[in-house]
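Colleague: A single structure is presented below for examination.
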Amino acid sequence: MKVFRFVSLFTLILALGIGTTSCKKVNDADLQKAAQETLAANPDLAGVVVTVEDQVATLTGVVMDDATKAYAESTVAGMENVKSVVNQLEVVPPAPDFTAVDAAINAALADALKDHKTVTAEVKDGVITLTGEIRERDLPVLMEKLNALNPEQIVNNLTIK
Amino acid sequence: MALVDKYKELVDLARQNNVLVNESGKVLKLEGVVPSASVKDKMWEIYQRIDPQFKSNDVLLNIKTAVSDGGKVKVVTRESRLNIRKGPGTDQPIVGKAERGDIIMLISKANDLWWLVRDNDGEEGYCYAQYLEPVQ
Chain A
8 MKVFRFVSLF
18 TLILALGIGT
28 TSCKKVNDAD
38 LQKAAQETLA
48 ANPDLAGVVV
58 TVEDQVATLT
68 GVVMDDATKA
78 YAESTVAGME
88 NVKSVVNQLE
98 VVPPAPDFTA
108 VDAAINAALA
118 DALKDHKTVT
128 AEVKDGVITL
138 TGEIRERDLP
148 VLMEKLNALN
158 PEQIVNNLTI
168 K
Chain B
80 MALVDKYKEL
90 VDLARQNNVL
100 VNESGKVLKL
110 EGVVPSASVK
120 DKMWEIYQRI
130 DPQFKSNDVL
140 LNIKTAVSDG
150 GKVKVVTRES
160 RLNIRKGPGT
170 DQPIVGKAER
180 GDIIMLISKA
190 NDLWWLVRDN
200 DGEEGYCYAQ
210 YLEPVQ
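Below you can see the structure in the form of structure tokens.
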């Protein structure tokens with residue numbers, strides 16, 4: 008009798024244990040999958056990774072600004088069965104794109120350097136770097152011309168004679 | 080020392096003339112249009128005095144002198160005559176030459192770097208704006 012009760016009690020506890028553990032696993036994994044899919048629908052959120060434990064969603068990864076970080080959080084927080092969100096997203100603004108700026112400067116460089124044959128210029132990320140040589144009295148005219156191209160910076164490595 | 084302090088004299092003159100002054104990180108940028116070539120020349124003179132061989136790499140001075148279509152400009156090449164070209168580029172054929180020191184007419188600005196002019200012989204074409212100084 009006692010053994011029977013003990014076995015039943017044990018079985019019950021075991022069943023509850025299995026039941027609880029199984030339910031928890033299924034819920035978290037399902038939630039995580041659903042959350043990740045929801046975020047994947049938005050290209051701005053491509054860098055966001057969701058992990059769910061005990062129905063608490065943790066967001067990690069990188070987004071481009073604070074607004075996107077908040078949006079990711081509110082999107083996941085609004086999902087069914089998500090109890091809360093831990094937002095560990097890092098905001099990393101995208102690097103500025105100087106492709107068009109460099110192209111514009113390069114297009115205007117030939118004219119600017121036409122009267123300065125001993126000067127070489129390289130353009131990268133809006134910065135004009137000068138090498139070669141120049142006579143001191145020709146330098147101000149060259150600098151005026153290059154400043155007119157509106158670069159980010161002019162780096163003067165010219166040998167000045 | 081902040082760049083606005085290093086170049087204080089230049090910044091003061093810029094602000095008097097409504098020129099935009101912006102210090103960001105490594106470079107002090109001054110950009111704008113001033114009423115006469117003498118103001119622009121003065122700014123470059125101050126800049127060169129503070130940074131004699133332009134080796135500090137810390138200033139962007141982009142100053143234009145105000146001039147209207149139909150206004151007068153002076154040819155300010157140092158030694159030679161100024162080529163007048165068929166189109167706005169040094170790859171364009173030369174259609175005339177203007178003498179150094181001549182005061183000629185600005186017809187219109189094709190862009191910031193090339194201006195359409197008519198010289199005193201009636202030749203019309205494009206000149207590199209850096210060699211044209213607006214006169215009052």
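Protein chains in written order, with my numbering: chain A, 8 to 168; chain B, 80 to 215. Backbone N, C-alpha and C define an ideal beta-carbon position, used for all residues, glycine too.
Nearest to Gln-95/B by CA position, among Leu-107/B, Gly-104/B, Lys-121/B, is which residue?
Modeller: Lys-121/B
Colleague: To which residues does DSSP link Leu-107/B through a beta bridge?
Modeller: Residue pairing by DSSP places Leu-107/B opposite Glu-102/B, Val-138/B in a beta bridge.
Colleague: Of the residues Val-118/B, Trp-194/B, Gln-132/B, Asn-101/B, which one's Cα is nearest the Cα of Gly-149/B?
Modeller: Trp-194/B
Colleague: I'd like to confirm the pairing. Which residues does DSSP put opposite Met-184/B in its beta bridges?
Modeller: In the DSSP output, where bridge partners are listed per residue, Met-184/B has Lys-151/B, Arg-197/B.
Colleague: Checking the sheet assignment: what are the DSSP bridge partners for Ala-177/B?
Modeller: Leu-161/B
Colleague: Within the chosen definition, does the stretch 121-136 of chain A reach the stretch 95-109 of chain A through at least 3 CB pairs nearer than 8 Å?
Modeller: yes
Colleague: Using the C-alpha atoms, what's the distance from Asp-84/B back to Tyr-210/B?
Modeller: 31 Å
Colleague: Can you check the stretch 47-82 of chain A for any alpha helix (DSSP H) of at least 4 residues that lies completely inside it and give the ranges in chain order?
Modeller: none
Colleague: Any C-beta of chain A sitting closer than 8 Å to the C-beta of Val-98/B?
Modeller: Not one chain A Cβ lies under 8 Å of Val-98/B.
Colleague: Using the beta-carbon count (16 or more within 10 Å), is Asp-72/A buried or exposed?
Modeller: exposed
Colleague: Flag this pair as touching only if the stretch 111-126 of chain B and the stretch 156-171 of chain B have three or more C-beta atom pairs under 8 Å; answer yes or no.
Modeller: no
Colleague: Give the residues of chain A in contact with Leu-192/B, contact being defined as C-beta atoms less than 7 Å apart.
Modeller: Ala-115, Asp-118, Ala-155
Colleague: Classify Pro-167/B as buried or exposed, calling it buried when 16 or more other Cβ atoms lie within 10 Å of its own Cβ.
Modeller: buried
Colleague: Name the one or two DSSP bridge partners that Ser-117/B has.
Modeller: According to DSSP, which records beta bridges pairwise, Ser-117/B is partnered with nothing at all.
Colleague: From what residue to what residue does the alpha helix (DSSP H) around Asn-154/A run?
Modeller: 146-154
Colleague: With a cut-off of 8 Å on the beta carbons, I'd call Leu-46/A and Ala-79/A a contact; round off their distance for me.
Modeller: 7 Å
Colleague: Give the single residue among Tyr-86/B, Gly-180/B, Asp-170/B, Lys-134/B whose Cα lies nearest to the Cα of Leu-161/B.
Modeller: Gly-180/B
Colleague: Where Lys-40/A and Val-56/A are concerned, what is the direct C-alpha to C-alpha distance, given to the nearest angstrom?
Modeller: 11 Å
Colleague: Beta-carbon within less than 8 Å of Asp-191/B's beta-carbon, same chain only, minus the 5 sequence neighbours each way: which residues are those?
Modeller: Lys-143, Ala-208
Colleague: Among Gln-160/A, Leu-165/A, Lys-168/A, Asn-164/A, which one has its Cα closest to the Cα of Ser-103/B?
Modeller: Gln-160/A
Colleague: Taking a Cβ distance cut-off of 7 Å, strictly less, list which residues of the stretch 101-120 of chain B are near chain A, in chain order.
Modeller: For the stretch 101-120 of chain B, which is checked against every Cβ of chain A, the residues closer than 7 Å are Lys-105, Val-106.
Colleague: Comparing the C-beta of Pro-101/A with each C-beta of chain B, is any distance below 8 Å?
Modeller: no
Colleague: Residues of chain B with CB under 9 Å from Lys-152/A, in chain order?
Modeller: Those are Leu-192, Tyr-207, Gln-209, listed as they occur along chain B.
Colleague: When the cut-off is 8 Å and only beta carbons count, does Lys-124/A lie next to chain B?
Modeller: no
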